[in-house]
Amino acid sequence: PGGPIAGKQMLSYYKNCHTVKAMYTCAPNGALIHYSDLFGGNSSDKEIFRQSDIVHKLQRGDGLMVDKGFLIKDLIQGKGITLYRPPFLSEKSKQFDSHDRDSRRLIARSRITVENYNASLATFAFLKQKKIKILYTSLMNEIGCICGFLANIGPFMRSNKVSEGKSLPEEIDDWYKPW
Numbered sequence: 483p484g485g486p487i488a489g490k491q492m493l494s495y496y497k498n499c500h501t502v503k504a505m506y507t508c509a510p511n512g513a514l515i516h517y518s519d520l521f522g523g524n525s526s527d528k529e530i531f532r533q534s535d536i537v538h539k540l541q542r543g544d545g546l547m548v549d550k551g552f553l554i555k556d557l558i559q560g561k562g563i564t565l566y567r568p569p570f571l572s573e574k575s576k577q578f579d580s581h582d583r584d585s586r587r588l589i590a591r592s593r594i595t596v597e598n599y600n601a602s603l604a605t606f607a608f609l610k611q612k613k614i615k616i617l618y619t620s621l622m623n624e625i626g627c628i629c630g631f632l633a634n635i636g637p638f639m640r641s642n643k644v645s646e647g648k649s650l651p652e653e654i655d656d657w658y659k660p661w
């Protein structure tokens, strides 16, 4: 970073170095449906969600699955959006009740799709670099978006299986049909 203010905004206390963060949003079938701009590593997930404007793209009746620490309930309140988050273990009780256990199982099964997408995204060497040349900083949003798109189509590009009689674009169209 060029100066002390930029340095502070980019510093991730979690990773103890300067980073950037983005929010990738996946559909239940694992398709990328939204990519936020990049933010400094010091930005909270809540702030990235607020500024990404995805809440205005969601419709009444939609659901949103998030991690435990993704505290956005107040940002979607009154919009008719269901928030799915693994339940927290309370201070009083040291075990989950049967409803929470069932909820955790269902969410864990659904998270596999998201984790598979994240694993595809993590294969890009560019995104794993410790130091990025200053030349690329102005292109970081575009590079992140392109990596997100390529992670989206990665399973099709790696697969040797194409349904009989279907081209790759037809396979992709079938995969993106409403879930």
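Add 482 to the 1-based position in the sequence shown for my numbering, that's all there is to it.
We put the CB at the ideal spot given by N, CA and C, even for glycine.
In this text the structure is predicted, and so the values were computed from the model without any measurement.
So the alpha helix (DSSP H) residue i belongs to, where does it begin and stop?
i, result
"His516", "Looking at the DSSP string, His516 is not in any alpha helix (DSSP H); the run it does join, the beta strand (DSSP E), is Leu514 to Tyr517."
"Tyr677", "Outside the displayed span of the chain (483 to 661) sits residue 677, for which this structure offers no information."
"Ile530", "Asp527 to Ser534"
"Leu609", "Ala607 to Lys610"
Using CA atoms only, rank isn't needed, just tell me which of the options is closest to residue i.
i, options, result
"Ala590", "Lys576, Pro568, Ser602 and Leu520", "Pro568"
"Arg532", "Gly636, Leu588, Phe631 and Lys555", "Lys555"
"Asn511", "Ser602, Val537, Phe631 and Ser592", "Ser592"
"Leu603", "Arg586, Tyr618, Arg583 and Cys627", "Cys627"
"Ile563", "Lys576, Met547 and Gln577", "Met547"
"Ser585", "Leu553, Leu565 and Gly636", "Leu565"
"Phe606", "Ala633, Gln577, Ser526 and Ser534", "Ala633"
"Gly522", "Tyr599, Val537 and Thr619", "Thr619"
"Val537", "Asp579, Gln559 and Thr595", "Gln559"
"Ser534", "Asn598, Ser580, Asp579 and Met505", "Met505"
From which residue to which residue does the beta strand (DSSP E) around residue i run?
i, result
"Tyr618", "It is not in any beta strand (DSSP E) - Tyr618 carries neither H nor E in the DSSP assignment."
"Thr507", "Tyr506 to Cys508"
Roughly how many whole angstroms lie between the Cα atoms of residue i and residue j?
i, j, result
"Leu514", "Lys612", "25 Å"
"Leu557", "Gly551", "14 Å"
"Val502", "Ala509", "23 Å"
"Gly545", "Phe608", "32 Å"
"Ser525", "Gln577", "33 Å"
"Val596", "Ile530", "18 Å"
"Tyr517", "Thr507", "6 Å"
Give the list of continuous beta strand (DSSP E) stretches no shorter than 3 residues that lie fully inside the stretch 546-573.
564-566
Between the stretch 540-555 and the stretch 620-630, can you find at least three pairs of beta-carbon atoms closer than 8 Å?
no
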